[in-house]
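Trainee: For what it's worth, numbering that gives the first Met the number 0 labels the leading residue of the sequence shown as 0, then goes sequentially. For glycine and all other residues, C-beta sits at the position ideal for the given N, C-alpha and C. Since we're looking at a predicted model, the values are computed, not measured.
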Amino acid sequence: MMSVKCPVCSMQVPAGQLGIAYQGIHLSFCSEQCQQRFKEHPHLYVGSPGQKAAKQEGIESVKQRRYVLDRPLSGGQAKAISESLARMMGIRDVAVRGVDVIIRYDLLEVTAEQLERALEAAGARLGNGWGERMRRALVRYSEECETANLATTSSTRHRGH
């Protein structure tokens with residue numbers, strides 16, 4: 000079977016795997032995470048005729064976030080959460096220190112919102128104080144703005160705008 004690159008993370012995948020059609024182009028994805036990320040902002044990954052998208056130009060947007068949990072994790076829980084996050088596309092590094100989970104990742108491949116869902120699915124409970132909720136909301140908003148700007152910039156970059 001022929002293999003192709005996932006447009007989000009560039010991993011080789013079997014043609015047709017988690018496939019979708021976008022503007023007449025058939026695309027395959029390595030994971031539901033990458034497919035979801037593509038659907039949210041396709042212009043980060045697929046350019047226009049004569050114009051490369053941000054991902055095609057090799058742009059990365061590496062972020063480091065600290066998530067505060069409502070209680071410290073046991074050694075086993077910390078290891079399980081670290082391993083679960085490390086399996087996600089775009090993760091560069093994970094460190095668990097007491098109630099803090101520090102994650103470095105590429106925004107073009109994974110978002111803070113996806114990380115929060117993954118943390119909760121792995122059994123971590125995020126700090127629920129007003130300040131922590133507000134900080135996470137601000138991070139999600141700033142990432143959405145940056146992602147939209149990258150998509151807009153890559154679509155107008157070669158037109159001199």
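Kindly identify the DSSP beta-bridge partner or partners of Ile19.
Mentor: Indexing the sequence shown from 1 puts residue 19 at position 20. For Ile19, which the question treats as bridged, DSSP gives the partners Leu26.
Trainee: To which residues of the same chain is Cys144 closer than 8 Å at the C-beta, ignoring the five residues directly before and after it?
Mentor: To locate residue 144, count along the sequence shown from 1; it is residue 145. Excluding sequence neighbours, Cys144 sits near nothing in its chain.
Trainee: According to DSSP, is Ile90 helix, strand or coil?
Mentor: Residue numbering aside, residue 90 sits at position 91 when the sequence shown is read from its first letter. Strand.
Trainee: Using beta-carbon positions only, say whether Tyr66 and Leu125 come within less than 8 Å of one another.
Mentor: Numbered from 1 along the sequence shown, position 67 holds the residue referred to as residue 66. Numbered from 1 along the sequence shown, position 126 holds the residue referred to as residue 125. Cβ atoms of Tyr66 and Leu125: closer than 8 Å.
Trainee: Bridge partners of Asp99, per DSSP?
Mentor: Position 100 of the sequence shown, counted from the first residue, corresponds to residue 99. Bridge partners of Asp99: Val67 and Arg96.
Trainee: Go ahead and pull the three-state DSSP assignment for Val45.
Mentor: Here residue 45 corresponds to residue number 46 of the sequence shown, with the count starting at 1. In this structure, Val45 counts as coil in the three-state DSSP scheme.
Trainee: Could you pull out every residue in the same chain whose Cβ sits closer than 7 Å to the Cβ of Ala117, ignoring the five residues on either side in sequence?
Mentor: As a first step, residue 117 must be located in the sequence shown, where it is residue number 118. Counting only Cβ-Cβ distances below 7 Å, and skipping sequence neighbours, we find Ser83, Leu84 and Met87.
Trainee: So for Ser141, helix, strand or coil by DSSP?
Mentor: Position 142 of the sequence shown holds residue 141. DSSP places Ser141 in helix when its eight states are reduced to three.
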